[in-house]
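The next block holds one structure in the form of structure tokens; read it before the comments.
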Amino acid sequence: MSRTDPARSVLPPLRRAAAATVIAAGPWLVAVAALALISRTMEPLMGVAAVEDLRLGVVYAVCCASLAAGPIGTIAAGLIRTGIDDGQAMPVTGIFLAAGLLAALCALGLGTAIALLLGIHPIGNLLGLLLLTGAICFLWTSFSVLSALRAHRFLIGAFTLGMTVSVACCILAARHAPTTPDLIWAFSAGVLLCVALALRHVRLRFGLGDRLAPALGLLLGALARQRLLAGGILLGVAAVWIDKWVFWAAPVGASSQAGYRHFADYDAVMFLAHLAVIPAVAAMHMLQEGPIRQALRSVQRDILGGAARMTIRRSVDALVATVRQGILAILFVQATLTLAFMLAAPLLTEAAQLGFNQFLMLRVGLFSTLLYSIVYVCSSILIICDRKAAFLQLQGGLLLLNLLFSILFYLEMGVTAYAFLFANLLVSAMAIILAVDILPQYDFVIFSRAISRRRGWSDSRSAPP
137 MSRTDPARSV LPPLRRAAAA TVIAAGPWLV AVAALALISR TMEPLMGVAA
187 VEDLRLGVVY AVCCASLAAG PIGTIAAGLI RTGIDDGQAM PVTGIFLAAG
237 LLAALCALGL GTAIALLLGI HPIGNLLGLL LLTGAICFLW TSFSVLSALR
287 AHRFLIGAFT LGMTVSVACC ILAARHAPTT PDLIWAFSAG VLLCVALALR
337 HVRLRFGLGD RLAPALGLLL GALARQRLLA GGILLGVAAV WIDKWVFWAA
387 PVGASSQAGY RHFADYDAVM FLAHLAVIPA VAAMHMLQEG PIRQALRSVQ
437 RDILGGAARM TIRRSVDALV ATVRQGILAI LFVQATLTLA FMLAAPLLTE
487 AAQLGFNQFL MLRVGLFSTL LYSIVYVCSS ILIICDRKAA FLQLQGGLLL
537 LNLLFSILFY LEMGVTAYAF LFANLLVSAM AIILAVDILP QYDFVIFSRA
587 ISRRRGWSDS RSAPP
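Per the numbering used here, the very first residue in the sequence shown carries number 137; after that it's consecutive.
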């Protein structure tokens with residue numbers, strides 16, 4: 137056995153895990169890098185007010201970009217993956233550009249409306265916010281497209297290089313008495329470099345293709361067909377943000393020097409708590425791309441090959457077992473990590489310089505994210521099983537409950553993380569019921585999907601696995 141065998145056996149899973157983490161939480165990691173850099177290095181140079189504007193500019197950019205690029209990037213990736221798996225000649229580069237442009241336009245429209253509503257000033261802060269918003273939209277889309285192409289190694293390299301350039305540009309800019317817009321532009325440089333590298337990679341593999349209009353038409357058609365899925369993703373993203381929006385708009389919220397609304401005590405705590413869900417999101421992505429995908433192909437081969445009913449039933453039972461075992465493993469690991477984070481909450485509180493009330497809020501927030509990971513995993517099952525209407529209703533329920541609980545708890549107790557906790561508690565119970573109910577029906581779902589593929593109209597009737 138050669139000396140390189142251990143490395144060959146270990147590196148691919150590590151690459152897949154790293155790629156899944158970047159895909160699942162890339163924009164959040166961008167925000168973490170930016171906020172950590174800003175907090176540690178820029179405050180002595182720029183002052184508290186300017187640094188606060190810079191931090192909030194990054195948060196608002198990620199918020200607007202996630203609302204637009206989340207659903208559009210997911211649908212674009214599904215369109216590319218389905219076309220390639222079916223052996224179709226897909227205009228991959230055109231779809232990538234169309235998705236990025238469409239997401240950026242939507243996010244820029246939202247960002248402009250928010251800036252006008254809040255009165256963001258001066259004009260440099262507004263332009264910096266819009267630039268970073270558009271850049272993150274393209275970054276999010278590039279993650280989705282590269283994931284669909286299974287370019288995991290390139291994805292990790294491009295993201296690492298881009299973030300290194302962002303940090304370097306900010307450090308260089310800090311030497312010349314920068315303003316808030318200057319640092320936003322400097323940080324955006326690395327994000328745009330990552331996008332440019334992704335676009336070059338796609339262009340070299342698939343060429344420039346035809347004009348942008350046909351690719352945009354394909355994307356818009358896919359969005360129309362998958363409107364339930366896109367709507368569910370949009371509602372799901374909004375559900376994560378809605379409690380922050382309530383507290384920002386409430387009288388307890390504050391306005392920064394540039395006009396951004398925020399509530400620093402709650403924002404810092406929940407930002408840390410949301411990072412705890414990254415392992416579950418990344419693990420679910422790996423489960424879908426690995427064991428579940430292989431089991432799906434086995435079932436589809438049996439159905440398309442005309443296998444006996446008992447053979448198909450055994451394949452479906454194996455698929456259901458794979459899903460159940462994978463999900464139980466994910467939730468067990470997530471629960472263990474959440475417990476570890478809760479035990480380490482005093483250390484996290486001290487490192488982040490949080491107060492005692494924030495320490496208590498952090499523990500509630502961490503348990504809330506454990507419940508949210510259950511919602512996320514069960515929602516993924518609904519998508520795999522082509523139950524998009526149920527997925528849409530589940531995410532809409534989470535959004536509505538989080539909104540109502542945030543208002544009620546604020547009126548009774550003030551700012552608290554219990555709203556997010558109870559919203560996820562109720563929705564996670566509903567999600568488990570839906571997921572458990574759909575799994576035994578998996579053979580019918582796969583049979584319908586396989587027959588659809590055989591007839592050539594699966595792209596319009598069902599989601600790609």
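We treat Cβ as the ideally placed atom computed from N, Cα and C, and that holds for glycine.
Since we're looking at a predicted model, the values are computed, not measured.
Query: Enclosing alpha helix (DSSP H) for Glu-548 [first to last residue]; Result: 524 to 549
Query: Buried or exposed (CB count within 10 angstroms, at least 16 for buried), Gln-470; Result: buried
Query: Environment of Ser-391 [buried if 16+ CB atoms lie within 10 Å]; Result: exposed
Query: Beta-carbon proximity of Leu-557 to Gly-368, cut-off 9 Å; Result: no
Query: Residue closest to Val-563, alpha-carbon to alpha-carbon, out of Ile-463, Ala-185, Ala-526; Result: Ala-526
Query: For Ser-542, the nearest candidate out of Ala-431, Val-376, Leu-496, Ala-412 (CA to CA); Result: Val-376
Query: Proximity to Arg-397 [Cα-Cα], best of Glu-179, Gly-193, Leu-181; Result: Gly-193
Query: Arg-449 beta carbon less than 9 Å from that of Met-478; Result: no
Query: Element boundaries [alpha helix (DSSP H), containing Gln-470]; Result: 445 to 479
Query: C-beta contact flag for Ala-271 and Val-338 at 9 Å; Result: no
Query: Cβ-based burial, Pro-207 [other Cβ within 10 Å; buried from 16]; Result: buried
Query: Asp-573 burial status per 10 Å Cβ neighbour count (16 or more: buried); Result: exposed
Query: Cβ-Cβ separation, Pro-427 to Gly-372 (assumed contact under 8 Å), whole Å; Result: The Cβ separation is near 24 Å, so there is no contact.
Query: Val-301 to Ala-309 span [Cα, whole Å]; Result: 12 Å
Query: Asp-222 burial status per 10 Å Cβ neighbour count (16 or more: buried); Result: exposed
Query: Those residues which DSSP pairs with Ser-391 across a bridge; Result: Arg-397
Query: Cβ pair count under 8 Å reaching 3, the region 289 to 305 against the region 261 to 268; Result: no
Query: Host alpha helix (DSSP H) of Ile-439 (start-end); Result: 429 to 440
Query: Pick from Leu-507, Ala-412, Ile-519 that is closest to Leu-473, judged by C-alpha positions; Result: Ala-412
Query: Inter-residue spacing [alpha-carbon to alpha-carbon] between Glu-188 and Leu-408; Result: 17 Å
Query: Start-to-end residues for the alpha helix (DSSP H) that takes in Val-382; Result: 363 to 385
Query: Cβ-Cβ distance between Val-228 and Ile-211 below 9 Å; Result: no
Query: His-288, buried or exposed, once every other Cβ within 10 Å from all chains shown has been counted against 16; Result: buried
Query: Through-space distance from Gly-214 to Ala-351, alpha-carbon basis; Result: 14 Å
Query: Closest Cα partner of Ile-378 within the set Ala-185, Gly-209, Ile-569, Gly-533; Result: Gly-533
Query: Burial state of Ala-418, where buried means 16 or more other Cβ atoms lie within 10 Å; Result: buried
Query: Assigned secondary structure, Ala-409 (DSSP; H/G/I helix, E/B strand, else coil); Result: helix
Query: Cβ-based neighbour list, Asn-538, same chain, cut-off 7 Å, excluding 5 preceding and 5 following; Result: Ala-375, Ile-378, Asp-379, Ala-555, Phe-556, Ala-559
Query: C-beta contact flag for Ala-349 and Leu-359 at 9 Å; Result: no
Query: Continuous alpha helix (DSSP H) stretch holding Cys-521: start and end; Result: Unbroken run through Cys-521: none, as it is neither H nor E.
Query: Ile-256 - DSSP class collapsed to helix/strand/coil; Result: coil
Query: Neighbour-count burial assignment, Gln-489, 16 or more Cβ in a 10 Å radius; Result: exposed
Query: CB contact flag (Val-511, Leu-483, <9 Å); Result: no
Query: Ala-465 classed as buried or exposed, judged by whether at least 16 other C-beta atoms fall within 10 angstroms; Result: exposed
Query: Which listed residue (Phe-495, Leu-253, Leu-423, Cys-514) has its alpha carbon closest to that of Ala-385; Result: Leu-253
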